[in-house]
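Single-structure report; data block below.
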Ligand code: SF4
Ligand code: SF4
Ligand code: FES
């Protein structure tokens, strides 16, 4: 085991652990925000720079500080390393710059965006961004693309984190999309349409940190904070069948994978569970889903699922 200190807290981790994952072992505010890294997707990370940290001491063997801030999701922890995240004004200032950069071409869509209330970019901007924008130029715009009957792609909101590309590459049968062009012309290719035939393609919606990929079957039906999430499961031949159903009254508006404390899906679910099982009678309800992170959804406290369960019995 090796010892690493992050924001003055020491922890022992396996050699080969990244700084980010060491911080996740500590938890709380020590954990840098992430917009592109996804522990379940191989090769993810290193794209967005929101997880930047300062390495004040490289290791016990070489105590020199690293000359630049480093991406914690792709930098390995070393024995004796000292890392600063929240405790470094330089990191906080740089993160502000990253937020500004991510928002450069981002539309002011929150009032009409289905992701609002559970959007990582909203949370990031609130925690690390400035209240005002310096950007007055015209924003780059693309038109909406419907990726088959279930998914809508809004490239204007895409932050090019590549997570959906890794899902298509690693979770579905074959990769058929990617990022086209370079620099500020980069865009997610609509060739992604090829991936919609696959049983697991709907997972691109769950991994997308913003509202670029949204569920057409739930689009504009309700703000997320008016819906109540419940853990539910069914006997599914394709996936684990363990999901979260988002209900309004006794109607299920949408079905998603279950996310952990870092906002990552615990188990990827199939398209049948996600898009085609919208009846309460399709599911065995387990109980309210606790949304642990600070979110408007968490403000909508409730613990009573009797009404929804009664509907199941009636059916
Ligand atoms: S993706 Fe997030 S930040 Fe962007 S418009 Fe939607 S809710 Fe707002
Ligand atoms: S569409 Fe979403 S998941 Fe795909 S690259 Fe853009 S932001 Fe990332
Ligand atoms: S999360 Fe590390 S660079 Fe994006």
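Residue numbers (the working numbering): 381 to 695. For every residue, glycine included, the Cβ atom is placed at its ideal position computed from N, Cα and C.
Range of the contiguous alpha helix (DSSP H) that encloses residue i
| i | result |
| --- | --- |
| residue 477 | 469 to 483 |
| residue 546 | 543 to 550 |
| residue 669 | Counting along the chain, residue 669 falls outside any alpha helix (DSSP H), and DSSP gives it neither H nor E. |
| residue 584 | 583 to 587 |
| residue 640 | Counting along the chain, residue 640 falls outside any alpha helix (DSSP H), and DSSP gives it neither H nor E. |
Reference residue i, options the options, closest by Cα
| i | options | result |
| --- | --- | --- |
| residue 668 | 631, 642, 627, 655 | 627 |
| residue 611 | 660, 404, 430 | 660 |
| residue 448 | 468, 496, 646, 424 | 468 |
| residue 393 | 385, 608, 402, 677 | 402 |
| residue 489 | 590, 508, 677 | 590 |
| residue 539 | 514, 530, 502 | 502 |
| residue 413 | 515, 479, 596, 655 | 479 |
| residue 387 | 604, 436, 426, 430 | 436 |
| residue 482 | 498, 463, 508 | 508 |
| residue 524 | 420, 664, 536, 500 | 536 |
| residue 641 | 635, 422, 631, 407 | 407 |
| residue 430 | 443, 476, 565 | 476 |
| residue 369 | 410, 443, 442 | It is not possible to answer for residue 369, since the shown part of the chain is limited to 381 through 695. |
Supposed close pair residue i, residue j - CB separation, criterion 8 angstroms
| i | j | result |
| --- | --- | --- |
| residue 600 | residue 494 | 7 angstroms |
| residue 579 | residue 532 | At roughly 19 angstroms, the Cβ-Cβ gap does not stay under 8 angstroms, so residue 579 and residue 532 are not in contact. |
| residue 649 | residue 623 | 5 angstroms |
| residue 541 | residue 415 | 6 angstroms |
Counterpart residues of residue i in DSSP-defined beta bridges
| i | result |
| --- | --- |
| residue 432 | 451 |
| residue 626 | 609, 634 |
| residue 527 | 531 |
| residue 516 | Beta-bridge pairing links residue 516 to no other residue. |
| residue 658 | According to DSSP, residue 658 bridges with nothing at all. |
Opening and closing residue of the beta strand (DSSP E) in which residue i lies
| i | result |
| --- | --- |
| residue 595 | 593 to 595 |
| residue 649 | Here residue 649 belongs to no beta strand (DSSP E), and DSSP marks it neither H nor E. |
| residue 539 | Taken as a continuous stretch (DSSP letters only), residue 539 belongs to no beta strand (DSSP E), as it is neither H nor E. |
| residue 462 | 461 to 464 |
ask   = Quick one, what's near ligand 3 if you take every residue whose CB is closer than 6 angstroms to any heavy atom, in chain order?
value = 414, 415, 416, 417, 425, 426, 427, 428, 429, 430, 431, 451, 453
ask   = Among all residues, which have a Cβ less than 5 angstroms from at least one non-hydrogen atom of ligand 1, and in what chain order do they fall?
value = 489, 490, 493, 495, 496, 499, 501, 502, 537, 590, 591
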